[in-house]
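Worksheet for the structure shown next.
There are 2 protein chains.
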Amino acid sequence: MRVVVPFAADAPKTRLEPVLSADERSAFARAMLDDVLEAIAETAHEPTVVSTAPLDLEGVDVTVDDRPLTAAVNDRLPRTSHETPVAVVMADLALATPDALARLLEADGDVAIAPGRGGGTNALVVRHPGFRVDYHGGSFLDHREIADEVDASFETIDSFRLGSDVDEPADLVEVLVHGTGRAPATLREFGFELDAGDGRVAAVRIENAASN
Amino acid sequence: MRVVVPFAADAPKTRLEPVLSADERSAFARAMLDDVLEAIAETAHEPTVVSTAPLDLEGVDVTVDDRPLTAAVNDRLPRTSHETPVAVVMADLALATPDALARLLEADGDVAIAPGRGGGTNALVVRHPGFRVDYHGGSFLDHREIADEVDASFETIDSFRLGSDVDEPADLVEVLVHGTGRAPATLREFGFELDAGDGRVAAVRIENAASN
Numbered sequence: 199m200r201v202v203v204p205f206a207a208d209a210p211k212t213r214l215e216p217v218l219s220a221d222e223r224s225a226f227a228r229a230m231l232d233d234v235l236e237a238i239a240e241t242a243h244e245p246t247v248v249s250t251a252p253l254d255l256e257g258v259d260v261t262v263d264d265r266p267l268t269a270a271v272n273d274r275l276p277r278t279s280h281e282t283p284v285a286v287v288m289a290d291l292a293l294a295t296p297d298a299l300a301r302l303l304e305a306d307g308d309v310a311i312a313p314g315r316g317g318g319t320n321a322l323v324v325r326h327p328g329f330r331v332d333y334h335g336g337s338f339l340d341h342r343e344i345a346d347e348v349d350a351s352f353e354t355i356d357s358f359r360l361g362s363d364v365d366e367p368a369d370l371v372e373v374l375v376h377g378t379g380r381a382p383a384t385l386r387e388f389g390f391e392l393d394a395g396d397g398r399v400a401a402v403r404i405e406n407a408a409s410n
Numbered sequence: 199m200r201v202v203v204p205f206a207a208d209a210p211k212t213r214l215e216p217v218l219s220a221d222e223r224s225a226f227a228r229a230m231l232d233d234v235l236e237a238i239a240e241t242a243h244e245p246t247v248v249s250t251a252p253l254d255l256e257g258v259d260v261t262v263d264d265r266p267l268t269a270a271v272n273d274r275l276p277r278t279s280h281e282t283p284v285a286v287v288m289a290d291l292a293l294a295t296p297d298a299l300a301r302l303l304e305a306d307g308d309v310a311i312a313p314g315r316g317g318g319t320n321a322l323v324v325r326h327p328g329f330r331v332d333y334h335g336g337s338f339l340d341h342r343e344i345a346d347e348v349d350a351s352f353e354t355i356d357s358f359r360l361g362s363d364v365d366e367p368a369d370l371v372e373v374l375v376h377g378t379g380r381a382p383a384t385l386r387e388f389g390f391e392l393d394a395g396d397g398r399v400a401a402v403r404i405e406n407a408a409s410n
């Protein structure tokens, strides 16, 4: 199994702009990537990062590919049934654990997908040479249809952890509640903490964390 | 195992007010309840609905208890280690499947929780007589702490399906993409459909569905 982790190195996580500066977004995206890579390594697979720009990552194979996500991923999927299967794991799955990833990587289907919120595809395994991804729009349903068109068996991996990609301010709560690695540590360094003041828990930022 | 399904029969799903009328919210809440009950029945467990008001449900045991959720649930948890374990499954887990529920119901922990978004507790199993729930605020972390205080072993069930409670308009997308029962059928009757127009998939309502 080859495990590919696409990473948008330039201007990552723009939808976190309301709560994080550009430098903070970069640092946080990098912390999530580190957590994902460590979880993959603990499943005894060696990840390859496919980054839109050069990236300094110790001990990890990095390939630069500045094409859009769909093209960059499709170029790396198996083309014959003799080729090794390929897993694609998004770099913002900050809650990923070795156990959750193992359920994906050990799935039997020709195509196995861990869906994300909003109809997305957060992680997948491709064992069928006819399958290609299309990440535009509601990719989960599109991918199920593409698998069907090429007669590939389709499996869904039911995981809260793999289903939680971190895109928006509201997603930071999940990182603080369920994350265990560098990503929650980075948020706490930035002054974020959980607040259950009004009955629902939220990630709030203590503006002057250093002076408190 | 006793399986309890709390149901707010009066004014359910108020946070869906921006997109559904009061009658529609009632019908949709009831459709989700039906889906949850059917999924539980398929795991070969008999659910009991604990409803805030009388409810006409064929073939299902209904108890009326108009106390707040925490009190109503705590009154039904085991008080001695000889009592049968109790599962509590929320009535708005519209994506619940027998497989996902089986992973919860067969968990080994003294307390097993399927977390929901925002630090919530969507479903749990209690086998320890000292454990009590507290649904206020970020209940997942509170429940982990309470389990720790009474020396109960704690297990997390990693499920996207059980993690998807349906509270807000944005949650309807999950029902249309991943739901298979009466809940997505009800939304489609109301004129909802998936729209991937701007690149992200959304649940949109065709205002005059009947005239199209």
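First to last, the sequence lines map onto chains A and B.
In terms of our numbering, the first sequence is residues 199 to 410.
In terms of our numbering, the second sequence is residues 199 to 410.
No residue lacks a Cβ here, since even glycine has one placed at the ideal position from N, Cα and C.
Treat the numbers as computed from the prediction; the structure is a model and nothing was measured.
Residue 261 of chain B to residue 276 of chain A span [Cα, whole Å]: 55 angstroms
Classify residue 266 of chain A as buried or exposed, calling it buried when 16 or more other Cβ atoms lie within 10 Å of its own Cβ. exposed
For the alpha helix (DSSP H) that contains residue 231 of chain A, what are its first and last residues? 220-240
Mind checking if residue 376 of chain A is an interface residue toward chain B, Cβ cutoff 8 angstroms exclusive? yes
By the criterion of Cβ-Cβ separation under 8 angstroms, what are the contact partners of residue 357 of chain B in chain E? Structure shown: chain E not included; protein chains present are A and B.
What's the gap between the Cα of residue 408 of chain B and the Cα of residue 359 of chain B? Only weak support is given to the placement of residue 408 of chain B: the predicted model assigns it a pLDDT of 42, under 50, and the value that follows is read from those uncertain coordinates. So the alpha carbons of these two residues sit roughly 31 angstroms apart.
Rounded to a whole number of angstroms, what is the C-alpha to C-alpha distance between residue 326 of chain A and residue 350 of chain A? 6 angstroms
Locate the alpha helix (DSSP H) running through residue 246 of chain A, then write down its first and last residues. Careful: residue 246 of chain A lies outside any alpha helix (DSSP H), inside the beta strand (DSSP E) at 245-249.
Can at least three beta-carbon pairs, one atom from the region 376-389 of chain A and one from the region 229-243 of chain A, be found at a separation below 8 angstroms? yes
If you draw a straight line from the C-alpha of residue 212 of chain B to the C-alpha of residue 281 of chain B, how long is it? 36 angstroms
Can you grab the Cα-Cα spacing for the pair residue 374 of chain B / residue 291 of chain B, in whole Å? 13 angstroms
Residue 388 of chain B in three-state terms, based on DSSP: coil
Along chain A, in chain order, which residues have C-beta atoms closer than 8 angstroms to that of residue 313 of chain B? 358, 375, 376
Could you check where the alpha helix (DSSP H) with residue 313 of chain A kicks off and where it finishes? No alpha helix (DSSP H) holds residue 313 of chain A; the beta strand (DSSP E) holding it covers 309-314.
Taking the alpha helix (DSSP H) that residue 343 of chain B belongs to, which residues open and close that run? 337-347
Is any beta-carbon of chain B found at less than 8 angstroms from that of residue 322 of chain A? no
Report the neighbours of residue 156 of chain A on chain B: residues whose CB is nearer than 8 angstroms to its CB, in chain order. Lying before the first or after the last residue shown, residue 156 of chain A is absent from chain A, which here runs from 199 to 410.
Please tell me whether residue 298 of chain A has its Cβ less than 8 angstroms away from any Cβ of chain B. yes
Can you find at least 3 beta carbon pairs, one from the region 289-308 of chain A and one from the region 253-260 of chain A, that sit closer than 8 angstroms? no
Residue 338 of chain A at chain B interface by Cβ criterion, 8 angstroms: yes
On a CA-only basis, which of B:312, B:401, B:304 is nearest residue 338 of chain B? Give me that one, please. B:312
Smallest Cα separation from residue 343 of chain B: which of B:309, B:201, B:270? B:309
Quick one: using the 10 Å Cβ neighbour count with 16 as the cut-off for buried, is residue 395 of chain A buried or exposed? exposed
Chain B contacts made by the region 240-273 of chain A, where a contact means CB separation under 7 angstroms: none
With a 10 Å radius around its C-beta and 16 neighbouring C-beta atoms as the bar for buried, classify residue 245 of chain B as buried or exposed. buried
Selection from B:297, B:205, B:221 that minimises the alpha carbon distance to residue 252 of chain B: B:205
Compute the distance between the beta-carbons of residue 271 of chain A and residue 203 of chain A, then report whether it is under 8 angstroms. no
Just the chain A side, please: which residues come within less than 9 angstroms of residue 316 of chain B by C-beta, in chain order? 368, 371, 372, 375, 398, 399, 400
Give a yes or no on whether the minimum CB-CB distance between residue 392 of chain B and chain A is below 8 angstroms. yes
So, with DSSP's three-state summary, where would you put residue 372 of chain A? helix
I'd like to know if residue 335 of chain A contacts chain B, where contact means its C-beta is closer than 8 angstroms to some C-beta of that chain. yes
Residue 399 of chain B to residue 322 of chain B, Cα distance in whole Å? 31 angstroms
By how many angstroms is the C-alpha of residue 278 of chain A removed from the C-alpha of residue 320 of chain B? 43 angstroms
Sorted by chain position, which residues of the same chain lie with C-beta nearer than 8 angstroms to residue 369 of chain A's C-beta, five sequence neighbours on each side aside? 362, 363
Kindly list the residues whose CB is nearer than 7 angstroms to the CB of residue 354 of chain B, restricted to its own chain and excluding five residues on each side of it in sequence; keep chain order. 311, 313
Report buried or exposed for residue 238 of chain A, applying the criterion of at least 16 other Cβ atoms within 10 angstroms of its Cβ. buried
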